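Heads up: the sequence lines are chains A and Y, in that order.
Counting from 1, position 146 in the first sequence corresponds to residue 876 in the numbering used here; the numbering is continuous, with no gaps.
Counting from 1, position 218 in the second sequence corresponds to residue 243 in the numbering used here; the numbering is continuous, with no gaps.
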Amino acid sequence: MTSLRELQRGVRRALLGRGDAAAAAAVVEDGLAAPARLAIYRHHVFTTLTAALQATFPVVCRLVDERFFAYAADRYIRREPPSGPCLFEYGATFPAFLAGFPACLGLPYVADVARLEWAMNRALHAPPCAAIPAATLRQIAAQATGDEALALDPSLALVASPWPVDRIWRANQPEVDPTVTVDLSARAVDLEVRRLGDDVVFRVLDSGAFAFRRALADGEPVAVAAGRAQAVDAAFDLAEALVALVEEGLVTGLARRV
Amino acid sequence: MLSRDVAATPGRVGIGLRGPHVAEILASSPRIGWLEVHTENYLGGGPATRALGALRERYPISLHGVGLSLGSVEGLDRLHLARVSELARRLEPTLVSEHLSWSSAGGVYFNHLLPLPYTDESLALVCAHVDQAQEALGRPLLVENPSSYLRFRHSPIPEPEFLGELTRRTGCRLLCDVNNVFVTCHNRGGDPDAYLAALPPAAIGEIHLAGHARNDADGRSILIDDHGSRVSEAVWALYGRAAARLGAVPTLIEWDTDIPALGVLLDEARTAERVLAGLAPGEGIRDVAA
């Protein structure tokens, strides 16, 4: 008699398309072969997980068309199935998967569009977090030692791409005229993504602000972040950058580096 | 204690809340007994979770989980259970339910309610997990009978008896999905009325109704629990017989694929209300906390 552990291991193999034999041996056929019964479950697993990826990456799906998306999703689900039950958290590695997916080589910008969509999805579901008022931050700044890192809005993400992924994304919204074309040689972009109210928004940052915010988001102290910004933009002004950060409601606290 | 919300509500029938209907419900506050949500969709901090907070002000809410994987040999995901418990503390739902199934193995979550063999080993495991979940939630859990497309060779305990024993050992209650009873009995062989008669009636705290699809697989008809259509005539009839026996148990209309206009769900809910209203006088709504 098979233990429950062995049975679940066998069904797991069958569902991931790695062989039905172990699970099928435990199933009563009763007018329908065991593999056909297992296939009903596998079909549900793959269709619902594909739908979850489609919901998170709608522009990628539109760019590659639904059939190709389903094919890519099938390969991805087999290789990196979800580890937890919240499907809005599934797909973090889908952009990297697409970047290495041979069938996508002809569309090199698709993986970067996926990175933007993942950042937007993360922003949508990020915990709500109140920005600290400018006056409070001034009090803290008066006693600052220079080692402090800033805690930023958890919905914030910084996405750099050699492709104009912002224009590609906008041109592929359902309400946009499908004949609109995007000049792929247009420019590289440094994007900031965040949630404002109920909406996720993104905008282009200049290289100094992008480097500064990305370093802060990585947990670097203000002085280090300013150094990164000055390395790409000699005219970077730290005081101005800090004011902008606070005025945009992006600072949620102060985190001393450990 | 909180479950009196459902009992106190004029409508006894609720609907599963789905994304496309949220704005319309917020705008028009239609008469709905209560709203049930899939717990796992509300564990993030986004606008959907905020909207649910607003709906909570107008309707009783029940939390229906699909991710606890009560039948998984690897044990409950403690972090997930903590997140569900935290949401339940915040929302104060009238009911919290899960499924008699498993979804996770070897670190993979399958997003499906997979069947268990009904053995003493499975019973001990599910009882331990229900105890653990009820401890974390601080309230009884309702456990739903799954729909199934297969039967295991070694599964000596009939499903309704397994559920009955689960309620006796853990104090949990049952969510009886009448469509699942119908689908499972069709696919595995069995009499749906006999199945319902074998459930402990006092333990049933909620009923689910949904549509199913009929597929022809290699010449054998298989019913697929796709929640993608109106409740079938046969399931309405089975529901009527269940309600006559159980009394007016709070009933929920579920719809998950090809989601129609809100009006269609409300129409199904009205049909369920008419069935409940046809019960003999004195068959009042049962307090779900009883």
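A virtual CB, placed ideally from N, CA and C, is assigned to each residue, including glycine.
These figures come from a predicted structure and were not determined experimentally.
Residues of chain A with a Cβ closer than 8 Å to the Cβ of residue 147 of chain Y are, in chain order, 734.
From the beta-carbon of residue 47 of chain Y, no residue of chain A is found nearer than 8 Å; the closest lies around 11 Å away.
Secondary-structure assignment with DSSP links residue 201 of chain Y through a beta bridge to Y:232. Residue 797 of chain A counts as exposed, since fewer than 16 other beta carbons sit within 10 angstroms of its beta carbon. Burial of residue 118 of chain Y is indicated by the presence of at least 16 other C-beta atoms within 10 angstroms of its C-beta. Restricted to the region 842–899 of chain A, the beta strand (DSSP E) segments that are unbroken, complete and at least 3 residues in length are 878–882 and 887–891, listed in chain order. Looking at the backbone, the Cα of residue 125 of chain Y and that of residue 98 of chain Y are separated by about 13 Å. The straight-line gap separating the alpha-carbon atoms of residue 750 of chain A and residue 130 of chain Y is approximately 16 Å. Nearest Cα to residue 133 of chain Y within the set A:739, A:962 and A:961: A:739. Closer than 9 Å at the C-beta level to chain Y, one finds these residues of the region 857–881 of chain A: 857, 858 and 859. The shortest C-alpha to C-alpha distance from residue 819 of chain A to any of A:958, A:856 and A:927 is the one to A:856. Residue burial annotation: residue 240 of chain Y is exposed, with fewer than 16 other C-beta atoms found within 10 angstroms of its C-beta. For the C-beta of residue 944 of chain A, not a single chain Y residue is nearer than 9 Å; the gap to the nearest is close to 22 Å. Within the region 926–968 of chain A, the runs of beta strand (DSSP E) at least 3 residues long that lie entirely inside it are, in chain order, 929–934.
For residue 852 of chain A, same chain residues with a beta-carbon under 7 Å away, outside a window of 5 residues either side, are 887 in chain order.
Taken in chain order, the members of the region 114–128 of chain Y whose beta-carbon sits within less than 9 Å of a beta-carbon on chain A are 127 and 128. The Cβ of residue 891 of chain A sits no closer than 8 Å to any Cβ of chain Y. Contact between residue 846 of chain A and residue 947 of chain A is absent: CB atoms are separated by about 16 Å, not below the 8 Å threshold. In summary, residue 918 of chain A is exposed, with fewer than 16 beta-carbon neighbours lying within 10 Å of its beta-carbon over all protein chains present.
The secondary-structure analysis by DSSP pairs residue 134 of chain Y across a beta bridge with Y:129. The beta carbon of residue 805 of chain A sits no closer than 8 Å to any beta carbon of chain Y.
Neighbours of residue 130 of chain Y across chain A, judged by C-beta separation under 8 Å: 738, 739, 741 and 742. Shown here, residue 38 of chain Y sits in a strand according to DSSP, grouped into three states. A check of alpha carbon separations from residue 196 of chain Y across Y:203, Y:180 and Y:152 identifies Y:152 as the nearest. In its chain, beyond the 5 residues on either side, 143 and 148 have a beta carbon closer than 7 Å to the beta carbon of residue 187 of chain Y. For residue 242 of chain Y, the neighbours in chain A by C-beta distance under 7 Å run, in chain order, 762 and 766. Residues of the region 779–811 of chain A that bring their beta carbon within less than 8 Å of a beta carbon in chain Y comprise 779, 782 and 811, in sequence order. Note: residue 735 of chain A is not bridge-paired with any residue in the DSSP secondary-structure output. Its Cα nearest to that of residue 878 of chain A, the residue A:951 stands out among A:978, A:871, A:778 and A:951. Approximately 4 Å separates the beta-carbon atoms of residue 127 of chain Y and residue 96 of chain Y; this is inside 8 Å, confirming the contact.
In this structure, residue 939 of chain A sits near residue 971 of chain A, with a CB-CB distance shorter than 8 Å. Taking residue 209 of chain Y as the centre and dropping the five residues before and after it, the same chain places the C-beta of 172 and 173 closer than 6 Å to its C-beta, in chain order.
Residues of chain A whose Cβ lies closer than 8 Å to the Cβ of residue 103 of chain Y do not exist; the shortest such Cβ separation is about 12 Å. Using a Cβ-Cβ cut-off of 8 Å, residue 854 of chain A is close to 69, 71 and 72 of chain Y, given in chain order.
Contact between the region 867–876 of chain A and the region 920–928 of chain A is absent: fewer than three C-beta pairs spanning the two stretches fall below 8 Å. Under the three-state reduction of DSSP output, residue 62 of chain Y falls in the strand class.
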